[in-house]
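Trainee:
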Amino acid sequence: MNDARTEIYARIRGTATGASRQDIDSALHGLGSGPSAPLPSIEPCAAFLANVLLQGGSISTARSRKATVQAVAKYLFERHRTHKIAAGHDQRLAALPWRDAGLLPRFGAAGSNDAVSVSFAAAAVVETGSVILLTGKASPAANHLLVEDHIVLVDCEALLSTLDDATEWVGNLRHRPRGIQLISGPSSTADIGMTLVSGAHGPKRWHIILTGEIPAEAEEEARELAGLT
Numbered sequence: 001m002n003d004a005r006t007e008i009y010a011r012i013r014g015t016a017t018g019a020s021r022q023d024i025d026s027a028l029h030g031l032g033s034g035p036s037a038p039l040p041s042i043e044p045c046a047a048f049l050a051n052v053l054l055q056g057g058s059i060s061t062a063r064s065r066k067a068t069v070q071a072v073a074k075y076l077f078e079r080h081r082t083h084k085i086a087a088g089h090d091q092r093l094a095a096l097p098w099r100d101a102g103l104l105p106r107f108g109a110a111g112s113n114d115a116v117s118v119s120f121a122a123a124a125v126v127e128t129g130s131v132i133l134l135t136g137k138a139s140p141a142a143n144h145l146l147v148e149d150h151i152v153l154v155d156c157e158a159l160l161s162t163l164d165d166a167t168e169w170v171g172n173l174r175h176r177p178r179g180i181q182l183i184s185g186p187s188s189t190a191d192i193g194m195t196l197v198s199g200a201h202g203p204k205r206w207h208i209i210l211t212g213e214i215p216a217e218a219e220e221e222a223r224e225l226a227g228l229t
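For the sequence shown, the UniProt record's numbering assigns the number 1 to the initial residue and increments by one for each residue that follows.
#1: Could you tell me how far apart the beta carbons of aspartate 100 and lysine 74 are, in whole angstroms, since I believe they sit closer than 8 Å?
#2: Going along the chain, which residues of its own chain have a beta-carbon closer than 8 Å to the beta-carbon of arginine 106, five neighbours each way excluded?
#3: Using CA atoms only, rank isn't needed, just tell me which of Ser130, Ala122, Glu157, Gly199 is closest to leucine 145.
#4: On the DSSP bridge assignment, give the partners of glycine 62 in chain order.
#5: Does the beta carbon of serine 36 fall short of 7 Å from some heavy atom of the ligand ADP?
#6: For aspartate 155, collect the residues of the same chain with a Cβ closer than 7 Å to its Cβ; drop the 5 residues on either side in sequence, then sort them by chain order.
#7: Quick check on the DSSP output: the alpha helix (DSSP H) that includes aspartate 164 runs from which residue to which?
#8: Give me the residue from Glu221, Thr229, Pro215, Leu228 with the minimum Cα distance to alanine 62.
#9: Within 10 Å of its beta-carbon, does arginine 174 have 16 or more other beta-carbons around it, so buried, or fewer, so exposed?
#10: Do aspartate 149 and arginine 205 have their C-beta atoms closer together than 8 Å?
#11: Might you give, ordered along the chain, the residues of its own chain that have their beta carbon closer than 8 Å to the beta carbon of leucine 196, omitting 5 neighbours on each side?
#12: Quick check on this structure: which residue in Ala46, Leu96, Ser60, Glu219 has the alpha carbon closest to the alpha carbon of valine 69?
#13: Hey, leucine 116 and alanine 124: beta-carbon distance below 8 Å or not?
#14: Taking serine 112 as the reference, which of Ser33, Leu31, Thr135, Asn143 has the closest Cα?
#15: Identify the continuous beta strand (DSSP E) that holds histidine 29 and give its terminal residues.
#16: Give every residue of the same chain whose Cβ lies closer than 7 Å to the Cβ of alanine 218, excluding the five residues on either side of it in the sequence, and list them in chain order.
#17: By alpha-carbon positions, which one of Ala27, Phe120, Gln91 ends up nearest to valine 72?
#18: Straight-line CA distance for arginine 178 to threonine 167?
#19: Hey, proline 203 and glycine 56: beta-carbon distance below 8 Å or not?
#20: On the three-state DSSP scale, how would you describe glycine 116?
#21: Would you kindly check if the distance between the Cβ of leucine 39 and the Cβ of valine 126 is under 8 Å?
#22: Considering leucine 153, what are the terminal residues of the beta strand (DSSP E) in which it resides?
#23: Throw me the rounded Cβ distance for the alanine 158 and isoleucine 59 pair, which I believe falls under 8 Å.
#24: Determine the contact status of valine 118 and leucine 134, defining contact as a CB-CB distance below 8 Å.
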């Protein structure tokens with residue numbers, strides 16, 4: 001067995017060293033990139049929101065800072081009947097008019113008593129309905145993973161069309177974050193008995209609030225595309 005394995009490894013090494021770096025780069029370039037997944041809508045905001053719904057998340061939209069905190073407050077009241085929420089030390093979160101919606105954010109990492117957290121995504125991927133979070137003081141990993149409900153704010157100007165675009169975006173970051181998390185829906189697993197269980201390794205619920213200059217019909221179109229109307 002060892003002799004056979006040694007022979008196989010030798011063949012692999014021989015193949016790898018038989019081509020120059022230029023030949024390898026040329027071959028990779030010739031392969032091109034694979035086709036992207038078809039988007040459910042041409043309009044990126046509606047397409048992103050539809051994919052969030054298809055991933056098991058929930059959505060709302062807000063076109064102003066006041067509307068953003070009101071959307072957070074509405075979700076908190078409907079789900080938990082509370083006005084408390086954990087938030088990272090993100091300047092964008094700190095600048096929101098929380099008091100206008102009667103909310104009391106606690107800035108820092110989520111603890112065992114925090115049921116809900118809110119984060120501001122660094123970017124998001126239309127193709128998959130995913131959000132990109134850069135972990136650190138401004139966005140602690142605990143806030144993404146240890147709460148029951150995770151609310152993520154996404155600026156419509158931060159939407160990236162495909163995962164390839166997201167990879168390029170990450171590569172162009174000026175400063176390397178502590179970590180990069182690509183989140184696509186609430187936590188779920190079917191490891192045991194092929195039974196889908198939510199919240200096994202993270203939040204049970206995942207709510208996206210898309211902010212900014214969003215087309216008026218984007219949310220309604222997204223629900224139609226996801227088959228929810």
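Backbone N, C-alpha and C fix where the C-beta goes; we use that ideal spot for every residue, glycine too.
Mentor: The short version:
#1: That pair is no contact at about 13 Å.
#2: Lys84, Ile85, Ala86, Ala87, Asp114
#3: Gly199
#4: Checking the displayed sequence, the identity of residue 62 turns out to be alanine instead of glycine. Answer is Thr211.
#5: In the structure on display, the ligand ADP does not appear, and there are no ligands present to speak of.
#6: Thr211, Gly212
#7: 163-171
#8: Pro215
#9: exposed
#10: yes
#11: Ser188, Thr189, Ala190
#12: Leu96
#13: Inspection of the sequence shows that residue 116 is occupied by valine rather than by leucine. Contact: no.
#14: Asn143
#15: Here histidine 29 belongs to no beta strand (DSSP E); instead the alpha helix (DSSP H) covers 21-31.
#16: Glu43, Cys45, Ala46, Leu49, Thr61
#17: Phe120
#18: 17 Å
#19: no
#20: Note that residue 116 is valine in the sequence shown here, rather than glycine. Three-state result, valine 116: strand.
#21: yes
#22: 149-155
#23: At roughly 16 Å, the Cβ-Cβ gap does not stay under 8 Å, so alanine 158 and isoleucine 59 are not in contact.
#24: no
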